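Heads up: the structure comes next, in structure tokens.
10 protein chains.
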Amino acid sequence: MKFLVRIEVRLPPDLAPEARSELLEDERRRGRELKEAGLIVDIWRIPGRLENVGIWSAQGPTALHEALRSLPVAGYAEIEVTALARHPLTDDGDDLA
Amino acid sequence: MKFLVRIEVRLPPDLAPEARSELLEDERRRGRELKEAGLIVDIWRIPGRLENVGIWSAQGPTALHEALRSLPVAGYAEIEVTALARHPLTDDGDDLA
Amino acid sequence: MKFLVRIEVRLPPDLAPEARSELLEDERRRGRELKEAGLIVDIWRIPGRLENVGIWSAQGPTALHEALRSLPVAGYAEIEVTALARHPLTDDGDDLA
Amino acid sequence: MKFLVRIEVRLPPDLAPEARSELLEDERRRGRELKEAGLIVDIWRIPGRLENVGIWSAQGPTALHEALRSLPVAGYAEIEVTALARHPLTDDGDDLA
Amino acid sequence: MKFLVRIEVRLPPDLAPEARSELLEDERRRGRELKEAGLIVDIWRIPGRLENVGIWSAQGPTALHEALRSLPVAGYAEIEVTALARHPLTDDGDDLA
Amino acid sequence: MKFLVRIEVRLPPDLAPEARSELLEDERRRGRELKEAGLIVDIWRIPGRLENVGIWSAQGPTALHEALRSLPVAGYAEIEVTALARHPLTDDGDDLA
Amino acid sequence: MKFLVRIEVRLPPDLAPEARSELLEDERRRGRELKEAGLIVDIWRIPGRLENVGIWSAQGPTALHEALRSLPVAGYAEIEVTALARHPLTDDGDDLA
Amino acid sequence: MKFLVRIEVRLPPDLAPEARSELLEDERRRGRELKEAGLIVDIWRIPGRLENVGIWSAQGPTALHEALRSLPVAGYAEIEVTALARHPLTDDGDDLA
Amino acid sequence: MKFLVRIEVRLPPDLAPEARSELLEDERRRGRELKEAGLIVDIWRIPGRLENVGIWSAQGPTALHEALRSLPVAGYAEIEVTALARHPLTDDGDDLA
Amino acid sequence: MKFLVRIEVRLPPDLAPEARSELLEDERRRGRELKEAGLIVDIWRIPGRLENVGIWSAQGPTALHEALRSLPVAGYAEIEVTALARHPLTDDGDDLA
């Protein structure tokens, strides 16, 4: 099942530089794990912003929720999820395939 | 899988009374079918409005989409869907159950 | 009487880990009490967010208000309540039943 | 039980003058009935607009819904309802009184 | 002259418990004074929120402003005022009466 | 008493040119009357739009409402009114003066 | 270059059934052409709505604009485009690749 | 003086093809005149939409208003104007230059 | 040239009382200077709020910007400016006069 | 390729004066570099606000993103980017030129 996910990160400006670096490093590591596990299918940055939009794949909303809350930046992030239905133009696998 | 669905119906004020009656009668009939088939789990009216909010159950977003577009009022309706994840307080069946 | 209730929790990112754990543990305990008392009928998570949507049952808005403000996270939460009217498709008990 | 109700009427500009007069006359008549029956407790106009805000009293959301949909302008109106809880400063009768 | 007034209080979660208790106690005292003085005509809580909606009566916007800013929680509050015009259904006293 | 009033006119594009000319001519005539009567104190156009913003003076919201609804374009207009309170920097006459 | 594109189609309810069928058939044909030409990379339906979200690929905003306006439903559609920047987690080809 | 101007054109879908062609042809002609007269300094399309954003130059808001309302599509357009102040990074001529 | 200016002041609740008093005293002094210099033509309070709306007069947007940023509360304020065009009902001096 | 970029800077009111001066000095220096490098084509201030709107030129969204995040105020800024398509009225170079 596919989801459109927008994640906007709002780091407090007074976060200490080392804490910030460490947090973003942890985030990249967790991101690579989710990419390799197939949860993150595609992901892009919204230019100019600490925000990304991605296509995620999960067994359902609960599994997706757990993956998203496992992100180190989750506590600083505004996350929006849209469940996606199959469009006749694609044969992208989904719940009816 | 459960979804929160809001449906606001915007009937044009100049719809002929018979067309309106027939449309709403068709809507009730289709609604009963979806209720009996288990797609509509619970549904309430938003007081004062031609709008309802319901808990729907479907195999996934594509099956839900087809059920919603089968509603006779779909062409007049603004429909919003939110996929729901399991909350620890309930053991309501979902994709991880 | 039934209500649709959305609760979005906004924990400050600098909340100490122990304070956070304790707060969420208190919240779960109070949630279970309200579930057993029949105030929370059904509840789901909005995927990706510290937000839930639920169907609550109370004698009226004042009783609901008191239940909601008794939640340990109330001081950190944005809460939205919609009173629900009976829909012809259900015979869910309400004020006219 | 008390409700805050906002009703914005959007009459199409091309409504024939007689139809408009008749509709508004019917509306006034139905309004007086609801006022006398105690459903409308207080009502004011939002200056400059075909919009009013009122305090309504009904046994519950379903009874309120039926009263609101009985308004002749309901098909042209945008209606918003907020259920009201008792405030400690007033002893206005409500569900816990 | 009547006004619809919404007051949403946003207390910082880290306000010390005693400061919070004292502030709310001051607020109740000032509220009772304004109620007795006839400025607050009716007031209700929005269920689930630290927010109220009320009907206020004042000689005009300036007098209302001064009453609202005299509330101890004013510095923490988001306040919205709507001046109300007389509705034909009521003979509630106003500027033309 | 002073009010800030925004009026956005939404003429249907298919309004016949003569009807449109006549309507706008009526509007200008009524506007001049309200200006001479002192209801319109100042008025400007929002550049690029069929919208104006003005400072109006009336005995109260009900008198203002009647003046605004007397505008020939009222049926096509979105009107927003804000009651104004005296600012210490001006000695512009108001309800406390 | 990649773009996130949302297309919401708002067909007038009074569109004749044959005109509607023909329009949607034309739309599907044009959609298949754009898919085969590589402009539409991926596309999904937003459940419950006549709305889709897709990943489009074009040489730049002007080429994308021309493709989008070539859609038969363009005159009935609300279209939103977001240019996408490369995210470190993917090596999806873009302007810097 | 410079202005940021957004113009979104909302042509009714049932506009006759010839009327539409003629209107857009008139629009292009008027656009070229305003470009040559120096009122339109720069203009771009918002991809996917019948919308443009431009930098306009005029003696002031009144002159700009007249230029914008002279556009043949003005009756179908939503127009937003933002007056621009000089930024230290540019020596673009403005009211203080 | 005239501008409609809205200024909403958001003082942090934890601002020390003396700092707050001093800031507001400085603000009043600067306000009087701008009033006497003719930049502030008229100004009112939005009842219930730390917000004002005024008619300002300046040579252009850059001069207005400098006047607004010279306000002691500018760092705490949300400021919105709308350039105003002449309305046929007034002969208020503007750029074409 | 051209972009419309809005940057609103939200400096915390309690930022130390020297830190603020240094930050803004760094910002001006970086701004001049981007102006000379041709990334910033034109830029204006939104009057009354710490906000600017500019026309930027970059090879694509990724290069633009890197330029924008190189701004010293990026951590305090809300940045919005709109990719621009060529308008027939200009021959401003873009991806199809």
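The listed protein sequences correspond, in order, to chains H, Z, F, W, C, V, X, U, Y and A. Under this note's numbering, the first residue of the first sequence carries the number 227, and numbering increases by one thereafter. Under this note's numbering, the first residue of the second sequence carries the number 227, and numbering increases by one thereafter. Under this note's numbering, the first residue of the third sequence carries the number 227, and numbering increases by one thereafter. Under this note's numbering, the first residue of the fourth sequence carries the number 227, and numbering increases by one thereafter. Under this note's numbering, the first residue of the fifth sequence carries the number 227, and numbering increases by one thereafter. Under this note's numbering, the first residue of the sixth sequence carries the number 227, and numbering increases by one thereafter. Under this note's numbering, the first residue of the seventh sequence carries the number 227, and numbering increases by one thereafter. Under this note's numbering, the first residue of the eighth sequence carries the number 227, and numbering increases by one thereafter. Under this note's numbering, the first residue of the ninth sequence carries the number 227, and numbering increases by one thereafter. Under this note's numbering, the first residue of the tenth sequence carries the number 227, and numbering increases by one thereafter. Virtual Cβ for every residue (Gly too), placed ideally from N, Cα, C. Just so you know, these numbers come straight off a predicted model, no measurement behind them.
The alpha-carbon separation between residue 227 of chain Z and residue 315 of chain F amounts to approximately 21 Å. Within chain Y, 305 have C-beta atoms less than 7 Å from the C-beta of residue 275 of chain A, given in sequence order. By the criterion of at least three beta-carbon pairs nearer than 8 Å, the stretch 295-303 of chain Y is in contact with the stretch 244-253 of chain Y.
Under the three-state reduction of DSSP, residue 308 of chain F is assigned to strand. Counting along the chain, residue 257 of chain F sits inside the alpha helix (DSSP H) bounded by residues 243-262. Secondary structure at residue 295 of chain Z: helix, using DSSP grouped into helix, strand and coil.
Between the stretch 237-250 of chain U and the stretch 256-275 of chain X there are fewer than three inter-stretch CB-CB distances shorter than 8 Å, so the stretches are not counted as touching. Rounded to the nearest whole angstrom, the C-alpha separation of residue 282 of chain H and residue 266 of chain H is 5 Å. Taking a C-beta distance under 7 Å as the contact criterion, residue 308 of chain U and residue 237 of chain U do not qualify as a contact pair.
In the DSSP annotation of this structure, the continuous segment of the beta strand (DSSP E) that includes residue 268 of chain U starts and ends at 266-271. In this structure, Z:303 is the residue among Z:284, Z:303 and Z:241 with its C-alpha nearest to the C-alpha of residue 232 of chain Z.
By the beta-carbon neighbour count (other beta carbons within 10 angstroms, threshold 16), residue 258 of chain V is exposed. In the DSSP assignment, residue 232 of chain U falls within the unbroken beta strand (DSSP E) covering 228-235. Within the stretch 256-280 of chain Y, contact with chain C at the beta-carbon level (separation under 7 Å) is assigned to 271, 273, 274 and 275. Between residue 288 of chain V and residue 312 of chain C, the gap from beta carbon to beta carbon is short of 7 Å.
Shown here, residue 284 of chain H sits in coil according to DSSP, grouped into three states, outside any helix or strand. In chain order, 228, 229 and 230 place their CB closer than 7 Å to the CB of residue 310 of chain A, counting only its own chain and leaving out the 5 sequence neighbours on each side. Residue 284 of chain V sits buried, since 16 or more C-beta atoms from the chains shown fall within 10 Å of its C-beta.
Residue-level contact check: residue 243 of chain F does not touch chain H, since none of the beta carbons of chain H fall below 7 Å from its beta carbon. Among the residues facing chain C, residue 311 of chain V is included, as its CB has a counterpart in that chain under 7 Å away.
Distance from the CA of residue 235 of chain Y to the CA of residue 292 of chain C, rounded to the nearest whole angstrom, comes to 17 Å.
Check the Cα spacing between residue 264 of chain V and each of V:295, V:290 and V:305: the tightest is with V:290. For residue 239 of chain Y, the closest Cβ of chain C is nearer than 7 Å. One alpha carbon belongs to residue 239 of chain V, the other to residue 260 of chain W, and they sit about 39 Å apart.
Setting aside the 5 residues that flank it on each side, residue 294 of chain A is surrounded in the same chain by 305, each with a C-beta closer than 6 Å to its C-beta; the list follows chain order.
In this structure, the alpha-carbon of residue 242 of chain W lies about 15 Å from that of residue 241 of chain V.
Apart from sequence neighbours up to five positions away, the residues of its chain that approach residue 276 of chain U with a beta-carbon distance below 8 Å are 234, 235, 236 and 237, ordered along the chain. Within chain U, no residue has its beta carbon less than 8 Å from that of residue 314 of chain Y; the closest one is some 11 Å off. Within chain A, the residues 274 have their CB atoms less than 7 Å from the CB of residue 231 of chain Y, given in chain order. Contact with chain V is absent for residue 301 of chain C, since none of that chain's Cβ atoms lies less than 7 Å from the residue's Cβ. Short of 6 Å from the beta carbon of residue 278 of chain C, and not among the five residues preceding or following it, lie these beta carbons of its own chain, in chain order: 233, 269 and 271. If you draw a straight line from the Cα of residue 280 of chain Z to the Cα of residue 262 of chain W, it comes to about 34 Å. At a cut-off of 7 Å between beta carbons, residue 294 of chain A contacts chain H.
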